[in-house]
Amino acid sequence: MSDATRDATQYVVRDGVAVVTLDNPPVNGLNNALRAGVMQHLKAADADPAVKAVVIIGSAKAFSGGADIREFNAPRLKPDLPAVNDQQDAMGKPLVAAIGGFALGGGLELALGCHYRVAAPKAQLGLPEVKLGILPGSGGTQRLPRVIPMPEAVKMMTSGNSIPAEKAKELGLVDEIAQGDLLQSAIQFARSRVGQALPRLRDARAKLDEDPQAFFARVREQVAKESKGYPAPLLIVECAEAAVTRPFDEGRRLERANFDRLVAGPESRALRHMFFAERQTSKIPDVPEDTPVREVNRVAVIGAGTMGGGIAMSFANAGIPVTLVDMTEEALNRGINLIRKNYSATVDKGRLTQADMDKRIGLIRGSTDLGGIANADMVIEAVFERMDVKQELFRKLDGVAKKGAILATNTSTLDVDQIAAATRRPSDVVGTHFFSPANVMRLLEVVRGRETAKDVLATTMKLGKRLKKVPVVSGVCDGFIGNRMLEKYTQQAYFLIDEGASPQQVDGALQRWGMAMGPFTMYDMAGNDIGWEIRKRRYRERPDFVYSRVADRVCELGRFGQKAGKGFYRYEPGSRKPLPDPEVDSIISAYRAEIGVQPRHVSDEEIVQRCMYALANEGARILEEGIALRASDIDMVYLTGYGFPPYRGGPMFYADGVGLAKVLDAMRGFQKGYQGTQWKPAPLLVRLAEAGKRFNE
Ligand code: NAD
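Just remember that the working numbering sits 307 ahead of the position in the sequence shown, which is counted from 1.
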């Protein structure tokens, strides 16, 4: 046995019962060392005449969290989990899984390979593989429906949601809930089964008491509707059906083949990338994880508008008291009423109780007096997007905020360093760029200013997690990570219109590709006037930015989007459904004539390539400039803030998948077309493409 194997498991025999302890912190991931250890111990226990029964136990927190996902990308190491399951099935002595905490994925499959399962009252059992685009690959799809009713098994496997011990007991998945010490109970249980016939799930019949054909036809229809183009759920259903219609070993072979197919497929690769990417964002190379953080127990939000209200709700949802400040009673009341309305809508939908709503509202206190923020540990500003307004406010905050308070700005385009410079404590200033609606969107760009102190950054990142957001560090630049990239995407979307596409064609192509919303639908929703204001500023400040003027023409006619009933589309009163509008077609035709462009057919493929490669190219610059810490952070920004489809893994991951050499080639082709001078491949992209490398290594 190697040292690594000894580390991951332990083995003792107590009064005739062998206890195999999984000891691979933090979650008893089933890596190779652990599997090999379990295998060895099971064989030893079976061969030892002094051993009458065997218990497998993990820690109080985790029986096992399942497979080590990193091993999916490497050749399969022996023994794999199915081989361990075979050894379990070969045991001639009672084998009991003692489940404290969670048994998930491969962890539950290991437990299903035992003859019995005893669980602690707080245990959670589940097969969450579908959330990573795969399926339980070690007999789970065959054994689970042999121990609990098929409809419940299908629900668990296609949703990926786990169930608590109590429910598991009800369904028959757990044989006993341990009232006292888990190990003692499991040992006792094991002893009580010595000499009895051992129930092996592989020999059991699947639990379905209706005609399989009718049942699975219904399930397929339902699951197809819910699976939104992901292949895993339907393949899970196929495996579950085999549990009824085919012998165990055939079902297991089908399961393995489907598993291998999914693991190698693009959807699961992307979802696994996202899984790791999310865990990476809080790692900041020069800010160690043990950096002491400041206490944040009460906050103040300045500005009770669209963003301030949503930000205040985010804090209240996390149980943190917040003072919401605006200039006038009127503005404040408008803001607080909107918060009430938003909560009420959630209560009406049955997703929040009235009592919880009252508790949350009770945590939000309104004020028109800036002096009221003196005891806040953190102040977040969400006032008008003007440098003079923000600087003036920060000067005042400097005067009233207590020493050590974090001063944050929600600006989306302004220079955080200039805002910080208005105070005498720039090291306490940080950017917290929430996305609209702030109480819903998961992305939080945490903007690290030139002088932002390390503990301020660490505190803000941790706070982001407390708010259940995905905090991503961004350096200071115009638009930070997300909006700076969006600028290039938008630019291409407009050029495509200039050349011959319609807004509905651009939106349609990108939506079919997977974006939650096409760009023109998005602008109409956000308000076209916002972009117009930014462009007007940029016409003065950034002559290097080249824009199609078609959006200005649309705005000049007051077509500000949904709120005006018309934008790039028209809207029926009270409806948000974008409808094509011939007036927009005329605006576009007139603009083409004005700039002398003969419209041509634009393919959906070109639309997707130009918009996506524009994102990846700007992402490469952002990476090279050190604005983002890593390519996967950029992917997280798009996945959580911009409706990027998870199964595409983010713009950088997508470009990696296409192949950077191919991406570069396509860009060089675009350089020859309309507004081709706007395509300047980022030096990093060129270097990586030439070296055959990827953004995400
Ligand atoms: P808004 O116009 O809806 O709200 C601004 C609020 O600030 C108003 O209620 C106003 O009365 C108040 N206010 C202005 N000056 C103030 C002062 N000195 N003291 C107290 N209150 C003051 O604006 P918004 O859309 O919520 O945007 C706020 C900030 O958030 C801006 O910096 C904006 O760029 C940024 N942001 C907006 C979005 C978005 O989608 N709307 C997204 C991300 C970031």
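Backbone N, C-alpha and C fix where the C-beta goes; we use that ideal spot for every residue, glycine too.
Since we're looking at a predicted model, the values are computed, not measured.
Going by DSSP, what residues sit across from residue i in a beta bridge?
| i | result |
| --- | --- |
| M457 | M457 pairs with nothing; no bridge assigned. |
| I484 | A426 |
| T316 | L329 |
| A405 | I364 and V425 |
| F741 | L751 |
| P471 | Q431 |
| L714 | V686 and V736 |
| A374 | L337 |
| G868 | K873 |
| L886 | R877 |
Going by the beta-carbon positions, is the gap between residue i and residue j smaller than 9 Å?
| i | j | result |
| --- | --- | --- |
| L677 | K703 | yes |
| Q811 | C918 | no |
| A853 | T767 | This sequence places Val at residue 853; Ala is not what is there. Cβ distance not < 9 Å, so V853 and T767 don't count as in contact. |
| A531 | L515 | no |
| L434 | A475 | no |
| K772 | S589 | yes |
| Y920 | M974 | yes |
| R883 | K873 | no |
| L419 | G440 | no |
| G617 | L631 | no |
| R1001 | D963 | yes |
| A1005 | D355 | Here the chain has residues from 308 to 1004 only, and residue 1005 is not among them. |
For the beta strand (DSSP E) that contains residue i, what are its first and last residues?
| i | result |
| --- | --- |
| S781 | V777 to S781 |
| E688 | M685 to E688 |
| R672 | I671 to S674 |
| Q431 | Q431 to G433 |
| L750 | L750 to V754 |
| L630 | Inspection of the sequence shows that residue 630 is occupied by Thr rather than by Leu. Unbroken beta strand (DSSP E) run through T630: V629 to V632. |
| S371 | A369 to S371 |
| I609 | V606 to I609 |
Taking the alpha-carbon positions, what's the residue i to residue j distance?
| i | j | result |
| --- | --- | --- |
| Y318 | T328 | 6 Å |
| R313 | L349 | Here the model assigns R313 a pLDDT of 46, short of 50, so the residue's position is not dependable, and the following value carries that caveat. Roughly 14 Å between the two C-alpha positions. |
| T716 | R693 | 12 Å |
| S492 | A405 | 9 Å |
| G821 | I788 | 21 Å |
| H422 | V461 | 22 Å |
| F742 | T947 | 10 Å |
| D488 | L388 | 28 Å |
| I687 | G642 | 16 Å |
| D310 | R342 | With a pLDDT of only 45 at D310, under the threshold of 50, the placement of this residue in the model should not be trusted; the figure read from the coordinates follows. Cα-Cα distance, rounded: 14 Å. |
| A996 | L967 | 5 Å |
| M308 | G344 | Confidence is the limiting factor: at M308 the pLDDT is only 40, short of 50, which leaves the residue's position unreliable, though a coordinate-based value still follows. For M308 and G344, the distance between alpha carbons rounds to 8 Å. |
| N624 | V334 | 28 Å |
| E1004 | L578 | 16 Å |
| E794 | R842 | 10 Å |
| V324 | E545 | 39 Å |
| G957 | F379 | 20 Å |
What residue range is occupied by the uninterrupted alpha helix (DSSP H) comprising residue i?
| i | result |
| --- | --- |
| V553 | Residue identity check: residue 553 is Arg in the sequence provided, not Val. It is not in any alpha helix (DSSP H) - R553 carries neither H nor E in the DSSP assignment. |
| A968 | L967 to F977 |
| G771 | K761 to R773 |
| H580 | P573 to Q587 |
| I441 | Looking at the DSSP string, I441 is not in any alpha helix (DSSP H), and its letter there is neither H nor E. |
| Y898 | P889 to I902 |
| I941 | A938 to G948 |
| R842 | N835 to E848 |
| A354 | N339 to A354 |
| S499 | L489 to S499 |
| Q818 | P810 to W820 |
| Y920 | D911 to E931 |
| E528 | P519 to E533 |
| P953 | Per DSSP, P953 belongs to no alpha helix (DSSP H) and is neither H nor E. |
| L417 | G413 to L419 |
Exercise. Evaluate contact between the region 368-376 and the region 413-425, counting only Cβ atoms and requiring at least three cross-stretch pairs below 8 Å.
Key: Per the Cβ contact rule, the region 368-376 is in contact with the region 413-425 (3 or more Cβ pairs under 8 Å).
Quiz item: Quick one: any contact between the region 694-714 and the region 722-730, if contact means 3 or more CB pairs under 8 Å?
Solution: Flag = yes, the region 694-714 and the region 722-730 touch.
Exercise. Count the CB pairs spanning the region 820-833 and the region 922-931 that are closer than 8 Å, and state whether there are at least three.
Key: Taking 8 Å as the limit for Cβ pairs, the verdict is that the region 922-931 does not touch the region 820-833.
Quiz item: At a cut of 8 Å, does the region 751-763 reach the region 897-911 through at least three beta carbon pairs?
Solution: Here the region 751-763 makes no contact with the region 897-911; the two share fewer than three CB pairs at distances below 8 Å.
Quiz item: How about the region 777-797 and the region 649-667: do they share at least three Cβ pairs that are nearer than 8 Å?
Solution: Verdict: no, contact absent.
Quiz item: With a cut-off of 8 Å, do at least 3 Cβ pairs link the region 801-815 to the region 954-973?
Solution: Touching, no, given that fewer than three Cβ pairs across the two stretches are closer than 8 Å.
Quiz item: Can we say the region 497-516 touches the region 395-402, given the rule of at least three CB pairs closer than 8 Å?
Solution: They touch, by the three-pair rule.
Quiz prompt | Given 8 Å, three or more beta-carbon pairs between the region 593-600 and the region 668-677 | solution = Result no; under three Cβ-Cβ pairs closer than 8 Å.
Quiz item: Do the region 518-528 and the region 559-575 make contact, defined as three or more Cβ pairs closer than 8 Å?
Solution: No, they do not touch.
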